[in-house]
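The sequence shown: position 146 = 145 (numbering that gives the first Met the number 0), numbered continuously. Heads up: the structure comes next, in structure tokens.
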Amino acid sequence: MTPIIEPMTECDVEAVARLRVAAFFEGSARTPDEDAAGLRTLLAGDGFETALVARIDDVSVGTCLLVRHELEPAHDLTPWLAGLVVDRNHRNKGIGRALVAAVEAHAASIGVERLYLYTWEARDFYTGLGWVVVEQFEQDGHPMLLVARELRL
């Protein structure tokens with residue numbers, strides 16, 4: 000089934016926060032409630048930053064964000080594609096690609112010319128979508144890539 004990708008609403012926040020904590024913060028002190036609070040702050044923002052969600056049958060199965068700043072940036076750059084995650088049961092079905100394309104389209108529509116993101120495990124995924132490696136570095140003793148994407152306005 001094809002997902003619907005649209006801006007996140009309050010009804011998505013709890014499910015998306017659980018998905019994000021499991022994907023990005025497992026083993027840390029971050030709770031789904033803390034993540035949900037951060038998502039709510041983003042939703043209440045000025046519209047530049049955005050949280051998109053992929054839904055199948057009204058169930059949130061993935062998300063991706065456009066944010067001004069990364070949590071712990073190693074570079075003074077902006078804006079960032081961040082937090083791409085798709086539920087394990089829905090991976091390898093094009094949902095991640097669709098979420099990235101939707102964030103890129105939103106960014107281009109508000110005048111962003113270049114997006115950035117950090118990755119290591121998903122480097123092949125992003126370079127396959129046309130993202131270009133800017134720099135390889137270490138963060139907290141782990142390899143990391145800074146990649147960028149030029150957007151066509």
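The beta-carbon is built from N, C-alpha and C at its ideal position, and this holds for glycine as well.
| task | Since I believe V20 is in contact with R29 (beta carbons under 8 Å), could you give me their beta-carbon distance rounded to a whole number of angstroms? | result | By a beta-carbon distance limit of 8 Å, R29 contacts V20. Their separation comes to about 6 Å.
| message | DSSP has F47 in a bridge; who is on the other side? | response | Answer by DSSP bridge pairing: none, since F47 is not bridged.
| Own chain residues within Cβ distance below 7 Å of P78, not counting five before or after | L65, V66, R67, A106, V111 and L114.
| Do you know how far the Cα of A53 is from the Cα of M0? | One C-alpha to the other measures close to 12 Å.
| field | For S108, the first and last residue of its enclosing alpha helix (DSSP H) | value | Note, S108: alpha helix (DSSP H), I94 to S108.
| said: Does V132 pass the burial test, meaning 16 or more other C-beta atoms within 10 Å, or should it be called exposed? | reply: Classification of V132: exposed, given that the 10 Å Cβ count is below 16.
| said: Could you compute how far the alpha carbon of S59 sits from the alpha carbon of L18? | reply: Those two C-alpha atoms are separated by around 9 Å.
| message | Check for me: the alpha helix (DSSP H) holding G26 runs from which residue to which? | response | Run containing G26: none; DSSP gives neither H nor E here.
| If we count the other Cβ atoms within 10 Å of its Cβ and call it buried at 16 or more, is T8 buried or exposed? | It counts as exposed.
| query | Helix or strand or just coil, what does DSSP make of H89? | reply | Residue state for H89 is assigned as helix, using DSSP reduced to three classes.
| query | Using a Cβ-Cβ cut-off of 7 Å (strictly less than) and excluding sequence neighbours within five positions of L83, which residues of its own chain qualify? | reply | If the five residues before and after L83 are omitted, its C-beta is found closer than 7 Å to the C-beta atoms of C63, G95, L98 and V99, all from its own chain and listed in chain order.
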